[in-house]
Amino acid sequence: METTGRIACHVALSYGVTVVGLALYAWSVLRRIRGEGEKIDALGRQAGTDAR
Amino acid sequence: MTELLRDIRLIAAKDLAVELRSKQMLTAAGVFGVLILVVFNLGFHPDERDPIAMTPGVLWAAFLFAGNLALERSLSMERNDGCILGLLVSPIDRGAIYLGKFAANLAVLLVVEAFLLTLHLLFFSMVLSPQQWLLLASLAFLGSAGYVAVGTLMTAVAGGTGHKELVLPLLLIPLAAPILIGAVRATTALLHGAGWGDLLFWFQLMLAYDGVFLTAGFLLFEFALEE
Amino acid sequence: MDSNPFLNLLKRGSNVAGSAALVLLCVHLYAAFFVAPEEVVQGAIQRIFYVHVPAAVNAFLAFIVAGIGSVAYLWNRGRAWDATAVASAEVGVFWGAIVLITGPLWAKPVWGAWWTWDARLTSTLILWLTFVAYRLVRELAGGGEKGARFAAILAIVGTLNIPFVRISTEKFRTLHPGNVAKAGLDPTMHKVLFLGMGTFFLFTLFLLGKRILLEELRDRRLAIELEGS
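Here's what the structure looks like:
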């Protein structure tokens with residue numbers, strides 16, 4: 000059996016990877032959504048200028 | 000029904016006739032399979048290798064990778080010369096095209112496997128009993144049928160990406176994992192003298208696999224052919 | 000704010016699921032460390048179980064949804080089905096990665112090896128590879144209708160493969176604490192486990208909703224760009 004410190008480290012890593020992973024993945028999706036939104040807005044503005 | 004069978008036979012005969020003339024799949028897969036056997040033989044010191052322990056893994060690795068190469072050639076043949084268009088405008092059901100190609104690919108792979116098996120037995124100076132031959136042949140048939148059933152469909156998918164040499168093994172090897180596991184376990188058992196009854200579980204698993212994926216290929220192949 | 004009711008529902012639904020998931024995550028983390036009793040044989044390392052198993056359940060669920068979405072897409076060619084399939088394949092790969100990382104972290108102290116080709120881990124790895132390839136097929140086929148179609152075929156075949164992979168790896172070899180261990184599980188442990196599954200399921204819903212929304216927005220942007228050029 001491993002030492003307590005080693006085990007605590009494995010448990011902490013597991014929970015850390017899960018929580019940080021979730022945060023990073025969610026953040027990347029939300030950021031891409033915002034990016035697409037901004038691009039659509041920019042295209043809309045450009046279309047407005049072109050029309051004028 | 001008779002029409003479907005006739006179409007399947009037509010497609011299979013066409014593919015086999017082309018293959019007999021060019022021998023592209025046979026040579027590519029055969030030579031590659033031999034290379035795999037040689038690599039495994041060189042990878043272990045002759046004094047330290049255990050034929051019974053090594054045979055299942057070496058043999059099925061050679062079968063799967065040789066099959067991968069054969070399947071890849073089978074599609075480039077159609078794509079290169081635009082033959083696929085000819086097939087698509089013909090009044091043949093897409094499912095029949097799939098089953099015909101499946102039959103032709105399976106026939107080619109079984110020939111290659113028979114050759115590789117003989118060579119392997121020579122390399123390891125092994126002798127199989129008649130029952131072992133029969134069991135191994137049934138395993139090779141059922142296993143290869145499942146592999147080619149998935150493989151024929153996946154070559155069409157991989158072909159659609161335009162990087163089929165790269166993509167095909169990535170798709171095929173994980174999908175064929177149950178076949179590989181079953182074949183290796185059953186081969187190990189039969190080399191240790193197991194009979195039909197002991198291998199029943201793996202035969203059933205492979206039969207089910209073959210049935211499910213042949214049906215899936217029959218139904219899904221048309222979506223892979225649309226342009 | 001948005002004219003499309005589907006997108007509105009998606010936005011609001013995923014926000015609700017996301018907020019609930021965040022709250023439940025705090026509860027779950029507390030429960031996993033302070034409510035669930037210490038396992039007698041394994042000790043503290045067993046607490047990894049409360050993220051590992053819920054992640055595995057959600058990964059398989061997402062793969063199955065990807066398969067169903069793909070069947071529906073080939074059936075009626077609705078872009079929303081394809082978006083569902085892409086989104087759940089990606090979410091499944093995410094949960095699968097969590098399973099494949101936490102599994103070895105648990106196995107090393109308990110079994111003495113990071114990777115043991117145990118049945119459950121092997122089957123997760125195999126299916127995970129299939130859905131990584133799904134992503135690759137889409138990208139190499141150049142996106143659009145063609146990539147969607149080819150990827151859908153792969154997702155369906157991959158989903159059909161799930162039972163075969165499970166059965167064959169189970170028979171191949173297993174060291175996994177399986178159904179027997181679960182039946183003898185302490186009731187409190189069971190509750191914490193279900194809390195974890197529920198929490199992660201809400202995250203799955205949140206991620207799915209946002210990811211589908213992203214697909215829809217991308218489509219809309221591409222349509223505007225096409226119109227402009």
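Listed in order, the protein sequences are those of chains A, B and C. Last residue of the first sequence? That's 51 in numbering that gives the first Met the number 0, and every number before it is there in order. Last residue of the second sequence? That's 226 in numbering that gives the first Met the number 0, and every number before it is there in order. Last residue of the third sequence? That's 228 in numbering that gives the first Met the number 0, and every number before it is there in order. Beta carbons: idealized from backbone N, C-alpha and C, even for Gly.
query: Sort out for me which residues DSSP pairs G42 (chain C) with in a bridge.; result: C:E38
query: What residues of chain C sit near H119 (chain B), judged by a beta carbon separation below 8 Å?; result: The contacting residues do not exist; H119 (chain B) stays about 23 Å from chain C at best.
query: List the whole-angstrom C-beta distance separating L108 (chain C) from I44 (chain C), where the pair is believed to meet the contact cut-off of C-beta under 8 Å.; result: It is worth fixing the name first, because residue 108 (chain C) is Pro in this sequence and not Leu. Right, the Cβ-Cβ distance comes to about 5 Å (below 8 Å), so this counts as a contact.
query: So which residues of chain B does L135 (chain C) contact, with C-beta pairs closer than 7 Å?; result: V166, L169
query: Put A240 (chain C) into one of helix, strand or coil per three-state DSSP.; result: Residue 240 (chain C) cannot be examined here, being either before or after the span of chain C that is shown, 0 to 228.
query: Could you have a look at V38 (chain B) and say whether DSSP puts it in helix, strand or coil?; result: helix
query: For E18 (chain B), count the other beta carbons within 10 Å of its own beta carbon; 16 or more makes it buried, fewer makes it exposed. Which is it?; result: buried
query: For the candidate residues C:V131, C:V52, C:A112, whose alpha-carbon lies nearest to that of V85 (chain C)?; result: C:V131
query: Run through DSSP, which three-state label would S128 (chain B) get?; result: coil
query: Would you identify the three-state DSSP class for T2 (chain A), choosing helix, strand or coil?; result: coil
query: Tell me where the alpha helix (DSSP H) around R76 (chain C) begins and ends.; result: Unbroken run through R76 (chain C): none, as it is neither H nor E.
query: Taking just the CA atoms, how far does A185 (chain B) sit from P168 (chain B)?; result: 23 Å
query: Identify whether H9 (chain A) lies in helix, strand or coil by the three-state DSSP scheme.; result: helix
query: Does the stretch 0-16 of chain B come close enough to the stretch 35-50 of chain B to have 3 or more Cβ pairs within less than 8 Å?; result: no
query: Please say whether V211 (chain B) and L201 (chain C) have beta carbons closer to each other than 8 Å?; result: no
query: Comparing the C-beta of I180 (chain B) with each C-beta of chain C, is any distance below 8 Å?; result: yes
query: Locate the alpha helix (DSSP H) running through K10 (chain C), then write down its first and last residues.; result: 4-29
query: Assuming T187 (chain C) is part of the alpha helix (DSSP H), what are its boundary residues?; result: 186-227
query: Label T168 (chain C) either buried or exposed according to how many other C-beta atoms from any shown protein chain fall within 10 Å of its C-beta, with 16 as the threshold for buried.; result: buried
query: Any contact between the stretch 109-117 of chain C and the stretch 181-198 of chain C? By contact I mean 3 or more CB pairs, one from each, below 8 Å.; result: no
query: Residues of chain C with CB closer than 8 Å to the CB of T17 (chain A), please, in chain order.; result: V50, A54, I97, T101
query: Tell me whether K38 (chain A) sits in a helix, a strand or coil according to DSSP, three-state version.; result: helix
query: Under 8 Å Cβ-Cβ, which residues of chain C neighbour G36 (chain A)?; result: L216
query: Kindly indicate which residue of C:F149, C:E37, C:A79 has the alpha-carbon position closest to the one of E215 (chain C).; result: C:A79
query: Starting from the Cα of A71 (chain C), find the closest Cα among C:T203, C:A147, C:L212 and give me that residue.; result: C:A147
query: Starting from the C-beta of A175 (chain B), find all residues in its chain whose C-beta is less than 8 Å away, skip the five residues before and the five after it, and write them out in chain order.; result: L63, G145, Y146, V149, G150
query: Going by DSSP in three states, W113 (chain C) sits in which element: helix, strand or coil?; result: coil
query: Starting from P173 (chain B) and walking both ways along the alpha helix (DSSP H), at which residues does that stretch end?; result: 163-174
query: Would Y208 (chain B) count as contacting chain C if we go by Cβ distances under 8 Å?; result: yes
query: Measure the beta-carbon distance from R93 (chain B) to E221 (chain B) and round it to whole angstroms, keeping in mind my assumption that it falls under 8 Å.; result: 4 Å
query: Using CA coordinates, which residue listed in C:I125, C:L73, C:C25, C:I223 is at the minimum distance from I161 (chain C)?; result: C:I125
query: Pick from C:G142, C:K190, C:G141: whose alpha carbon is nearest that of H27 (chain C)?; result: C:K190
query: Taking C-beta pairs closer than 8 Å, name the residues in chain B that V164 (chain C) reaches, listed in chain order.; result: A176, P177
query: For a test of the three-state rule: what should DSSP assign to D197 (chain B), helix, strand or coil?; result: helix
query: Please identify, using Cβ separations under 7 Å, the residues of the stretch 43-67 of chain B that lie next to chain C, in order along the chain.; result: none
query: Determine the direct distance from the alpha carbon of F163 (chain C) to that of A188 (chain B), and round the result to whole angstroms.; result: 20 Å
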